[in-house]
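**Student:** When we follow the UniProt record's numbering, the leftmost residue of the sequence shown carries the number 1, and every step to the right adds one. Built from N, CA and C at the ideal position, the CB exists for glycine as well.
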Amino acid sequence: MAEQPQTTPQTIGIIMNGVSGRMGYRQHLVRSILAIREQGGVLLADGETRVQVEPILVGRSEKKLADLAAEHGIEHYTTNLDEALADDRWQIYADFLVTKARAAALKKAIAAGKAIYTEKPTAESFEEALELARLAEEAGIKNGVVHDKLYLPGLQKLKRLIDSGFFGRILSVRGEFGYWVFEGDWQPAQRPSWNYRAEDGGGIIVDMFPHWNYVLENLFGRVESVYAKAVTEIPERVDERGERYPATADDAAYAIFELEGGVVAQLNSSWTTRVNRDELVEFQVDGTHGSAVVGLFGCKIQPRNATPKPVWNPDLADEHDYAGDWIESPGNREFENGFKTQWEEFIRHVVEDAPNHYDFLAGARGVLLAEAGLRSSAEGRRVEIPVVDVPTAPVTTGDASAAGADLATELAGLR
Ligand SMILES: NC(=O)c1ccc[n+]([C@@H]2O[C@H](COP(=O)([O-])OP(=O)(O)OC[C@H]3O[C@@H](n4cnc5c(N)ncnc54)[C@H](O)[C@@H]3O)[C@@H](O)[C@H]2O)c1
Numbered sequence: 001m002a003e004q005p006q007t008t009p010q011t012i013g014i015i016m017n018g019v020s021g022r023m024g025y026r027q028h029l030v031r032s033i034l035a036i037r038e039q040g041g042v043l044l045a046d047g048e049t050r051v052q053v054e055p056i057l058v059g060r061s062e063k064k065l066a067d068l069a070a071e072h073g074i075e076h077y078t079t080n081l082d083e084a085l086a087d088d089r090w091q092i093y094a095d096f097l098v099t100k101a102r103a104a105a106l107k108k109a110i111a112a113g114k115a116i117y118t119e120k121p122t123a124e125s126f127e128e129a130l131e132l133a134r135l136a137e138e139a140g141i142k143n144g145v146v147h148d149k150l151y152l153p154g155l156q157k158l159k160r161l162i163d164s165g166f167f168g169r170i171l172s173v174r175g176e177f178g179y180w181v182f183e184g185d186w187q188p189a190q191r192p193s194w195n196y197r198a199e200d201g202g203g204i205i206v207d208m209f210p211h212w213n214y215v216l217e218n219l220f221g222r223v224e225s226v227y228a229k230a231v232t233e234i235p236e237r238v239d240e241r242g243e244r245y246p247a248t249a250d251d252a253a254y255a256i257f258e259l260e261g262g263v264v265a266q267l268n269s270s271w272t273t274r275v276n277r278d279e280l281v282e283f284q285v286d287g288t289h290g291s292a293v294v295g296l297f298g299c300k301i302q303p304r305n306a307t308p309k310p311v312w313n314p315d316l317a318d319e320h321d322y323a324g325d326w327i328e329s330p331g332n333r334e335f336e337n338g339f340k341t342q343w344e345e346f347i348r349h350v351v352e353d354a355p356n357h358y359d360f361l362a363g364a365r366g367v368l369l370a371e372a373g374l375r376s377s378a379e380g381r382r383v384e385i386p387v388v389d390v391p392t393a394p395v396t397t398g399d400a401s402a403a404g405a406d407l408a409t410e411l412a413g414l415r
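(1) Which complete alpha helix (DSSP H) runs does the stretch 68 to 107 hold, if anything under 4 residues is left out?
(2) Would DSSP call D163 helix, strand or coil?
(3) Please report the straight-line C-alpha distance between L361 and A69, rounded to a whole angstrom.
(4) Is the beta carbon of Q302 sitting closer than 8 Å to the one on D278?
(5) Extract the residue ranges of the alpha helix (DSSP H) inside the stretch 13 to 37, only unbroken runs of 4 or more that lie entirely within it.
(6) Roughly how many angstroms separate the alpha carbons of H76 and A133, rounded to a whole number?
(7) Take E199 and list the residues in its own chain whose beta-carbon comes closer than 8 Å to its own, dropping the five residues that flank it on each side.
(8) Which stretch, first to last residue, makes up the beta strand (DSSP E) that contains Y227?
(9) If we ignore side chains and look at the alpha-carbon of each, how far apart do F166 and Q156 end up?
(10) Under 7 Å from any heavy atom of ligand 1, does the C-beta of E119 make it?
(11) Distance check for G221 and D389, CA to CA, integer angstroms please.
(12) Note down the Cα distance separating A35 from T341, rounded to an integer number of angstroms.
(13) Pick helix, strand or coil for Q190, following the three-state DSSP scheme.
(14) Quick one: does the C-beta of M23 sit closer than 7 Å to a heavy atom of ligand 1?
(15) For R102, is the beta carbon positioned less than 7 Å from some heavy atom of ligand 1?
(16) How is Y214 classed by DSSP in three states: helix, strand or coil?
(17) For residue 431, collect the residues of the same chain with a Cβ closer than 8 Å to its Cβ; drop the 5 residues on either side in sequence, then sort them by chain order.
(18) Per the contact definition of three or more C-beta pairs closer than 8 Å, is the stretch 337 to 357 in contact with the stretch 367 to 377?
(19) Looking only at DSSP bridge pairs, what is A255 linked to?
(20) Ligand 1 heavy atoms versus the CB of R59: any closer than 7 Å?
(21) Roughly how many angstroms separate the alpha carbons of V215 and Y227, rounded to a whole number?
(22) Whole-angstrom Cβ separation of L158 and V285, contact assumed at under 8 Å?
(23) Give me whichever residues DSSP pairs with I327 in a beta bridge.
(24) Considering only heavy atoms of ligand 1, does any lie closer than 7 Å to the CB of V145?
(25) With respect to 7 Å, is the separation between the Cβ of G73 and the closest non-hydrogen atom of ligand 1 below this value?
(26) Could you tell me which residues DSSP puts in a beta bridge with Q10?
(27) Figure out for me which residue from A109, H147, N80, E119 has the closest Cα to the Cα of A136.
(28) Contact defined as beta carbons within less than 8 Å: I believe L316 pairs with L296. What is the distance between those atoms, to the nearest angstrom?
(29) Taking the beta strand (DSSP E) that V294 falls in, what are its first and last residues?
(30) Identify whether V350 lies in helix, strand or coil by the three-state DSSP scheme.
(31) Pull up the CB-CB distance for D88 and L106, whole angstroms please, since I reckon it's below 8 Å.
(32) Hey, F335 and R174 are a contact pair by Cβ (cut 8 Å); roughly how many whole angstroms apart?
(33) Please tell me whether K100 and G201 are closer than 8 Å, where the distance is taken between their beta carbons.
(34) Here's the rule: buried if 16 or more other CB atoms are within 10 angstroms of the residue's CB, otherwise exposed. What is W212?
(35) State yes or no: is the C-beta of H289 within less than 8 Å of the C-beta of P308?
(36) Out of S20, I56, H28, state which residue places its alpha-carbon closest to the alpha-carbon of I14.
Structure below.
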C-alpha cells in the first residue's frame, strides 16, 4: 500500500453481498463492519494508523438495500454485483449468500481481482472449494474464510489452557452442539428452510462439519478420519410462507473424528435435541493432567489433583456433587465479537500483509470433511481424510499430483 500521512486515515471499500440474510446483517454488517466504522476503523500494526471501512451493500432487492442503507447511514448500495466488482473503489468482496449461490459469486470476484472474505462453506462440493483455492492462488488475490468459533471466549480460554500445558497429554474431546429447531407448523422455525433441503445446500453436516474441521485442526490436530451417522429426524417441515415441504437434508449427525497425534473427538450436531447443558455448544476435553468443559463463553476446569475418586455402586444413590468439583476459569481480558475480530485481522492482512491462516484452502478442508462425513454415513464406514494442497492444475483433470483431486473424483459419486 502507498504510504499515507498519519493524519489521513485510509479507507478500504468493501462489497457486502447478502446483507439481508441472518449472518450478513447481524454478524457481518452490524456487529463487524458498522462496529469497525463506529470505532474509527481498524488499527494497524504501528498502533497509530487506522484504516476506515466503507461498505457498499449488494443484494437482489433494491427496497431492502435502500431500507438498510437508510437505517444505518450507508451511502452506497446496488443490485448490480458486476458493476460493483468492476469499480476500483471497492477492494474487498465479502460473501454471505446462501451456500448454493456462493461459488459462482466468488469466481466473479476472483476474476475481478478483489480480495475476498467469505462465509463458510466456501462451496457445495470439495472439488469446487479446491478449485476456488486454486483460482485465488493463480490470481494472486488475498482470501479469507470465516472461522468464528475459534474466536469464541470459551474456545479462546481453551486455547490458553492447551498452550499452558494444563491438560498434559490430551486424550479425547467430546462435543455437543444443538438445540430444537421448530418444525414451522405451530411455531415458526428459527432457521431458514433451505437448511433442511439438500438440493438447496442444506443439512447439518454441510453446515457444521466445516466448523468442526477448523476447530479440531487448530486446537488439537489435523482430522485424519471420520465416521459419521447422519439422520433426518423430522421428515417434513413448514417453510417461511407456511407451506409444507419434505426435509431432504440431515438434521442430526453423530460423528467420531480421529486426529493427528491420537486424540479422538466425538461430536454430536443436532437441530432435534433439547438443551440440557449450560450452553448451545459444549466441549469436554480430557487430558492426563486435567479436564475442561468449555462453551461459547464459559470454561470450567478440573486439574488432576482436584479429581474425585468415584466408585461404581448401583446399590447406593451417589450424593457427591460432581458439578461442584469444577473451577471456573476466568477470562482475564475483554473478548470482542469474534466475527469483528476476524474481520479486523483480515483487513490487516489485506492492507499490511498481516498473517492469515484461514484461507480458501482451509475452507476447502472444511468442505472436504463435510463431504467425507456424508460419504461415511451413506456407506456405513470410516473415511480417511487425505492431506490436501492447492492443486497446480484444474481438479477436474484428475491431476494425480493433487491428493485432493483424487478424493474429489472419488467423492463426486456421493452427490
Ligand atoms: N459462521 C456461522 O456461524 C454461520 C451460521 C449460519 C450460517 N452461516 C453461513 O452463512 C451463509 C448464509 O446463511 P444465513 O443463515 O444467513 O442464510 P439466510 O437465508 O438468512 O441469508 C441468505 C442471503 O442470501 C441471499 N440469497 C438467497 N438466495 C440467493 C440467490 N439465489 N442468489 C443471491 N442471493 C441469494 C438472501 O437474500 C440473503 O441475503 C450460509 O452459507 C451459511 O452456511 C454461517
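**Tutor:** Here's the rundown:
(1) 81 to 86, all fully within the stretch 68 to 107.
(2) helix
(3) 33 Å
(4) no
(5) none
(6) Rounded to the nearest angstrom, the two C-alpha atoms are 29 Å apart.
(7) T248
(8) 223 to 231
(9) 14 Å
(10) yes
(11) 17 Å
(12) 11 Å
(13) coil
(14) yes
(15) yes
(16) helix
(17) Past the boundaries of the shown model lies residue 431; the chain is included only from 1 to 415, so the question cannot be answered.
(18) no
(19) A228, L267
(20) As written in the sequence, residue 59 is Gly, which differs from the Arg given in the question. Yes, the Cβ of G59 comes within 7 Å of a heavy atom of ligand 1.
(21) 17 Å
(22) 7 Å
(23) I301
(24) no
(25) No.
(26) V51
(27) A109
(28) 36 Å between Cβ atoms; not a contact.
(29) 290 to 294
(30) helix
(31) Not confirmed; about 19 Å, so no contact.
(32) F335 to R174, Cβ: 24 Å. No contact.
(33) yes
(34) buried
(35) Not a contact, by the Cβ cut-off of 8 Å.
(36) I56
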